[in-house]
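Numbering (the numbering used here), first residue to last: 34 to 391.
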């Protein structure tokens, strides 16, 4: 009988070893395996469990089915001094994301900004991973992505937009970056799946059943509500549309309503996901050091603001960096569903299983 303890934690080095081995066994080349592993572990370390290690089984299924090209020949076409298009060759979206950000950063270093539209890609996990890659190198970074329809339009009856995330990261001198990573729905679809797997009820005003009525039961959910819920969802729906324009139209891809579903059943046909990335060099806009000083003062003032009872005012990213420090020290947790999934993967691919930290 498998151990499905609620306190099953693993070292990130062991998790990276496992992911690298199984992705290569499933047909991913080294660059693709590196990118997926880095993105999933980055998300799990920060506590974004819905977009972290729990996604590995899906990517393995897509590689096996042929939907995703494990050894893509990605081609970058620079259009102007600060713009370009990356054809991801139906590869893993994580490699497409990091590759696009490298090109965007190179352009930003030269001309102050760099923007890359990506086409013929696939699911790339947490958008924040790619914005963060820019901030860690001293740039401001933004990442956007479309997805298949999960989210109602405001006052709509059927899903139309995907969760269409927005991510923004900025460097902070001597500290971890400022990091905003949000879906334009009230919660991401993966959160519904995650809560369903562990038998947890959803918050109110985040999801709806097949009739469009708000539901908190994961098994009843047929759609997500846009950010703002049933009362103010026009805001989330509008942001979702903005992400669609950037991700789909600039890359020449189908908009999300026409995409094949991420969850199948067709795991053989490439989906043609679109992304958009923007990088800015802070010192291209003002004198050297102006941005860094402004960020430091802004965050100091923000964190000094009074909080509600039993609460704490935090900047975007503060919660994630706190979680990361804890998980680096104590290990990354696997819930019961992921413990079973990873044990089955180890058996299927003949990979040494994860070692539980004592």
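C-beta: ideal position from N, C-alpha, C; glycine also. Everything numeric in this text was worked out from a predicted model, so none of it was measured.
Margin query: Let's test the definition: count the other Cβ atoms within 10 Å of the Cβ of residue 256 and tell me whether it reaches 16, buried, or not, exposed.
Written below: Within the chain shown, numbered from 1, the residue matching residue 256 stands at position 223. With 16 or more other Cβ atoms within 10 Å, it is buried.
Note to self: Count Cβ pairs between the stretch 148-156 and the stretch 296-313 that sit closer than 8 Å; are there 3 or more?
What the structure shows: yes
Checklist line | Buried/exposed call for residue 186, threshold 16 Cβ in 10 Å | finding: Position 153 of the chain shown holds residue 186. Counting Cβ neighbours within 10 Å, residue 186 comes out buried, since at least 16 surround it.
Note to self: Can you look up residue 34 in the DSSP assignment and give me helix, strand or coil?
What the structure shows: By one-based count along the chain shown, residue 34 stands at place 1. Summary for residue 34: the model assigns pLDDT 38, below 50, so the residue's position carries little reliability; its value from the coordinates is reported in the next sentence. Residue state, collapsed to three classes: coil.
Check: Does the stretch 382-391 come within contact of the stretch 51-59, defined as at least 3 CB pairs closer than 8 Å?
Finding: yes
Margin query: On the DSSP letters alone, give me the boundaries of the beta strand (DSSP E) that residue 146 sits inside.
Written below: Within the chain shown, the letter at position 113 stands for residue 146. Segment 146-154, the beta strand (DSSP E) holding residue 146.
Next item on the list: Using 10 angstroms around the beta-carbon of residue 34, count the other beta-carbons present and answer buried if the total reaches 16, otherwise exposed.
Entry: Residue mapping note: residue 34 aligns to position 1 of the chain shown, counting from 1. Because the pLDDT of residue 34 is 38, which lies under 50, any placement of that residue in the model is unreliable, and the number read from its coordinates should be weighed accordingly. So residue 34 counts as exposed.
Margin query: Residues in the same chain with beta-carbon distance under 7 Å from residue 195, minus the five sequence neighbours each way, listed in chain order, please.
Written below: To locate residue 195, count along the chain shown from 1; it is residue 162. Only 179, 180, 181, 182, 183, 184 and 289 meet the Cβ criterion.
Item checked: Beta-bridge partners of residue 174, as assigned by DSSP -> As a position in the chain shown, residue 174 is number 141, starting the count at 1. DSSP lists 202 and 312 as partners of residue 174.
Check: Nearest to residue 202 by alpha carbon, out of 159, 189 and 238?
Finding: Locating residue 202 in the chain shown gives position 169, where the first residue counts as 1. Nearest C-alpha to residue 202: 159.
Margin query: Since residue 164 and residue 370 should fall inside the 8 Å C-beta cutoff, what is the C-beta to C-beta distance between them, to a whole number of angstroms?
Written below: Residue 164 sits at position 131 when you count from the first residue of the chain shown. Residue 370 sits at position 337 when you count from the first residue of the chain shown. The pair is not a contact, with the Cβ atoms about 29 Å apart (cut-off 8 Å).
Check: Residue ranges of each beta strand (DSSP E) run of no fewer than 3 residues wholly in the stretch 176-255, ordered along the chain?
Finding: 192-194, 199-205 and 208-215
Notebook entry, point to check: In whole angstroms, what is the alpha-carbon distance linking residue 389 and residue 239?
Noted result: Mapped onto the chain shown, residue 389 falls at position 356. Mapped onto the chain shown, residue 239 falls at position 206. Their Cα atoms are separated by approximately 34 Å.
Note to self: Rounded to the nearest angstrom, what separates residue 311 and residue 102 at their Cα positions?
What the structure shows: Taking the first residue of the chain shown as position 1, residue 311 is located at position 278. Taking the first residue of the chain shown as position 1, residue 102 is located at position 69. For residue 311 and residue 102, the distance between alpha carbons rounds to 25 Å.
Item checked: Beta bridge counterpart(s) of residue 108 as assigned by DSSP -> Counting from 1 along the chain shown, the entry for residue 108 is found at position 75. The partner list for residue 108 (beta bridge, DSSP) reads 120.
Checklist line | Assigned exposure category for residue 324 - 16 Cβ within 10 Å defines buried | finding: Locating residue 324 in the chain shown gives position 291, counting from the first residue. Buried.
Notebook entry, point to check: Leaving out five residues before and five after residue 50 in sequence, what residues of the same chain have Cβ atoms less than 7 Å from its Cβ?
Noted result: One-based indexing of the chain shown puts residue 50 at position 17. Excluding sequence neighbours, residue 50 sits near nothing in its chain.
Check: Which runs of the beta strand (DSSP E) spanning at least 3 residues fall entirely within the stretch 270-337, listed in chain order?
Finding: 306-313
Item checked: Nearest residue (CA-CA) to residue 376, options 74, 87 and 45 -> Taking the first residue of the chain shown as 1, we reach residue 376 at position 343. If we check each option's Cα against that of residue 376, 87 comes out closest.
Checklist line | Pair within 8 Å by beta-carbon distance, residue 260 and residue 217 | finding: As a first step, residue 260 is located in the chain shown; it is residue number 227 there, counting from the start. As a first step, residue 217 is located in the chain shown; it is residue number 184 there, counting from the start. Yes, Cβ-Cβ distance for residue 260 and residue 217 is below 8 Å.
Notebook entry, point to check: Under 8 Å between the Cβ atoms of residue 176 and residue 130?
Noted result: As a working mapping, residue 176 is identified with position 143 in the chain shown. As a working mapping, residue 130 is identified with position 97 in the chain shown. For residue 176 and residue 130, yes; Cβs fall inside 8 Å.
Note to self: Here's the rule: buried if 16 or more other CB atoms are within 10 angstroms of the residue's CB, otherwise exposed. What is residue 63?
What the structure shows: Working through the chain shown from its first residue, we reach residue 63 at position 30. Per the 10 Å Cβ criterion, exposed.
Margin query: Using 8 Å for Cβ pairs, my map puts residue 45 next to residue 361. What's the rounded Cβ distance?
Written below: The residue you call residue 45 lines up with position 12 of the chain shown. The residue you call residue 361 lines up with position 328 of the chain shown. About 7 Å; that satisfies the 8 Å criterion.
Checklist line | Euclidean distance between Cα positions of residue 342 and residue 313 | finding: Reading the chain shown from its first residue, position 309 is the one you call residue 342. Reading the chain shown from its first residue, position 280 is the one you call residue 313. Going from the Cα of residue 342 to the Cα of residue 313 covers about 38 Å.
Item checked: Inter-residue Cα distance where the pair is residue 69 and residue 115 -> In the chain shown, counting from the first residue as 1, residue 69 sits at position 36. In the chain shown, counting from the first residue as 1, residue 115 sits at position 82. One C-alpha to the other measures close to 27 Å.
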